[in-house]
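**Student:** Residues 1 to 341, numbered by my numbering, are exactly what the sequence shown covers, in order. Where a beta carbon is used, it is the ideal one built from N, C-alpha and C, also for glycine. After the structure tokens below, expect a handful of questions from me.
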Amino acid sequence: MKTPIYILGIESSCDDTSASVICNGKVLSNVVANQEVHSKYGGVVPELASRAHQQNIVPVVQQALEQANIDKEKLSAIAFTRGPGLMGSLLVGTSFAKSLALGLQIPLIDVNHMQAHILAHFIEDEDSKIPPFPFICLTISGGHTQIVKVSDHFKMEVLGETIDDAVGEAFDKSAKILGLPYPGGPLIDKYARLGNPKAYPFTKPKVGDLDFSFSGLKTGILYFIQKQQRINPKFIEENLNDICASIQYTIVEILMTKLKNAVKQTNIKHIAIAGGVSANSEIRNRLELAEKHFGWTTYIPKFEFTTDNAAMIAITGYLKYLNNTYSDVSVTAKARLKVTD
1 MKTPIYILGI
11 ESSCDDTSAS
21 VICNGKVLSN
31 VVANQEVHSK
41 YGGVVPELAS
51 RAHQQNIVPV
61 VQQALEQANI
71 DKEKLSAIAF
81 TRGPGLMGSL
91 LVGTSFAKSL
101 ALGLQIPLID
111 VNHMQAHILA
121 HFIEDEDSKI
131 PPFPFICLTI
141 SGGHTQIVKV
151 SDHFKMEVLG
161 ETIDDAVGEA
171 FDKSAKILGL
181 PYPGGPLIDK
191 YARLGNPKAY
201 PFTKPKVGDL
211 DFSFSGLKTG
221 ILYFIQKQQR
231 INPKFIEENL
241 NDICASIQYT
251 IVEILMTKLK
261 NAVKQTNIKH
271 IAIAGGVSAN
281 SEIRNRLELA
291 EKHFGWTTYI
301 PKFEFTTDNA
311 AMIAITGYLK
321 YLNNTYSDVS
331 VTAKARLKVT
341 D
């Protein structure tokens, strides 16, 4: 019988406060408190986010421990998001994790948020497929778009990344142009299912084989909508499904083209996705099709482990714990942290 290793994970990189308890790689609880306050501003307001984290962190951690049915004295270590993220938000989680680890006299483990998105694939779950090394991971979120070659739990290499905006931002800004509320990415996905993806062709940006660019696409969508609205002021409401389907089709085409290039260059056919945008239904469909067409093996995480959540922080903490990779209490939050740091 394995000695139970209980890790408490704390995630506070942006606008979701989350806490999770895992035991030997299995999730016992994963509590997320969303912040409604940002929707009326059309984006995350950093100052409001850090205040909300201060209000949420104690009840969220308490709830995670209660759901896991364990006492905090049983914890083996505390893992927390060190970065990247919003500085004010990161400081709340960092300070809380340090204090709790000191109080309980247990190890503290700092976690790179971007690595954690990838390592969420190692959460042990009855339905999960765990990718073998090496594999390629497409990390797509509101702040990041990267193709990463993963040779080991903590040996990662960025093969390509965005030179300007992230894919999640492209979805959210396009939604804003269409007058949809924030966050608009999931709404584009919802309406796209009812539309014709070939209705409006948008120009794809010309960048390197494995790099991404979305700022030109966003501008192209804006000009297209403005032009159509001058001709017909009701253009958006009359064609919303087709517009959303066309935007989504273009963005997913860009992602799939780059992935195919990465497979060609590395000859690695184990493909994983990670990050909030990997909840998008079209990306999931296209990856499943790629299994049949190109002989890839794809790894698609559960919805709850794609967006910012503490289970991915806890599993990364668990893998570091097994390696005896602990942090000193002098560790500080770092807003800008690369996946390879």
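Note the first and the last residue of the continuous beta strand (DSSP E) segment covering T316.
**Tutor:** Premise fails: T316 lies in the alpha helix (DSSP H), 310-322, not in any beta strand (DSSP E).
**Student:** How many Å lie between L387 and K74 at the Cα?
**Tutor:** This structure gives no information on residue 387, because the portion of the chain shown stretches from 1 to 341.
**Student:** Less than 6 Å between C-beta atoms, sequence neighbours within five positions excluded: which residues of the same chain meet that for T298?
**Tutor:** Cβ neighbours of T298 beyond the five flanking positions: I271, L287, E291.
**Student:** With burial defined as no fewer than 16 other Cβ atoms inside 10 Å of the residue's Cβ, what is the status of N309: buried or exposed?
**Tutor:** buried
**Student:** Am I right that V345 and L255 are in contact with their C-beta atoms under 8 Å? What's the rounded C-beta distance?
**Tutor:** A query on residue 345 cannot be resolved here, the shown segment of the chain reaching from 1 to 341 and no further.
**Student:** Do you know how far the Cα of A175 is from the Cα of L337?
**Tutor:** 28 Å
**Student:** Starting from the Cα of E169, find the closest Cα among K206, F133, T219 and give me that residue.
**Tutor:** T219
**Student:** Less than 8 Å between C-beta atoms, sequence neighbours within five positions excluded: which residues of the same chain meet that for F133?
**Tutor:** V150, S151, D152
**Student:** Taking 8 Å as the threshold (beta carbon to beta carbon), is D16 in contact with chain D?
**Tutor:** Any reference to chain D falls outside this structure, which holds one protein chain only.
**Student:** Closest to F96 by CA distance: which of V329, L28, G185, M312 is it?
**Tutor:** Ranking the options by Cα distance to F96, first place goes to V329.
**Student:** Helix, strand or coil for T87? Go by DSSP, reduced to three states.
**Tutor:** Sequence inspection shows Met at residue 87; the Thr mentioned does not correspond to that position. It is helical.
**Student:** To which residues of the same chain is N69 closer than 8 Å at the C-beta, ignoring the five residues directly before and after it?
**Tutor:** L28
**Student:** Quick one: what's got a C-beta closer than 8 Å to D172's C-beta in the same chain, skipping five residues either side?
**Tutor:** G43, G142, Y182, P183, G184, G185
**Student:** Since E124 and G25 are thought to touch, with beta carbons under 8 Å apart, how far apart are those beta carbons, to the nearest angstrom?
**Tutor:** 4 Å
**Student:** Determine the extent of the beta strand (DSSP E) in which S29 is found, giving its start and end residues.
**Tutor:** Unbroken beta strand (DSSP E) run through S29: 26-33.
**Student:** Taking 8 Å as the cut-off, does the stretch 84-93 touch the stretch 321-335 (at least 3 CB pairs, one atom from each stretch)?
**Tutor:** yes
**Student:** Kindly list the residues whose CB is nearer than 6 Å to the CB of E161, restricted to its own chain and excluding five residues on each side of it in sequence; keep chain order.
**Tutor:** Q146
**Student:** Look at V58 and S18 and say whether their C-beta atoms are less than 8 Å apart.
**Tutor:** no
**Student:** To the nearest angstrom, how far is the alpha carbon of E126 from that of S20?
**Tutor:** 18 Å
**Student:** When you compare each of L319, G276, A262 to F294 by their alpha carbons, which one comes out closest?
**Tutor:** The shortest C-alpha separation from F294 is found at A262.
**Student:** Taking the alpha carbon of R82 as the point to measure from, which residue in F202, M114, K72, Q63 has its own alpha carbon closest?
**Tutor:** With distances taken between Cα atoms, R82 lies closest to M114.
**Student:** Counting C-beta neighbours from all protein chains within 10 Å, is the total for I313 16 or more, i.e. buried, or is it exposed?
**Tutor:** buried
**Student:** Quick check on the burial criterion: 16 or more other C-beta atoms within 10 angstroms. Buried or exposed for G208?
**Tutor:** exposed
**Student:** Identify which residue in G93, T139, T203, N324 has its Cα closest to the Cα of Q248.
**Tutor:** Ranking G93, T139, T203, N324 by Cα distance to Q248 puts T203 first.
**Student:** I'd like the ranges of any beta strand (DSSP E) spanning at least 3 consecutive residues and lying wholly in the stretch 147-182.
**Tutor:** 155-161
**Student:** Let me know if D16 comes out buried or exposed under the rule of 16 or more other beta-carbons within 10 Å of its beta-carbon.
**Tutor:** buried
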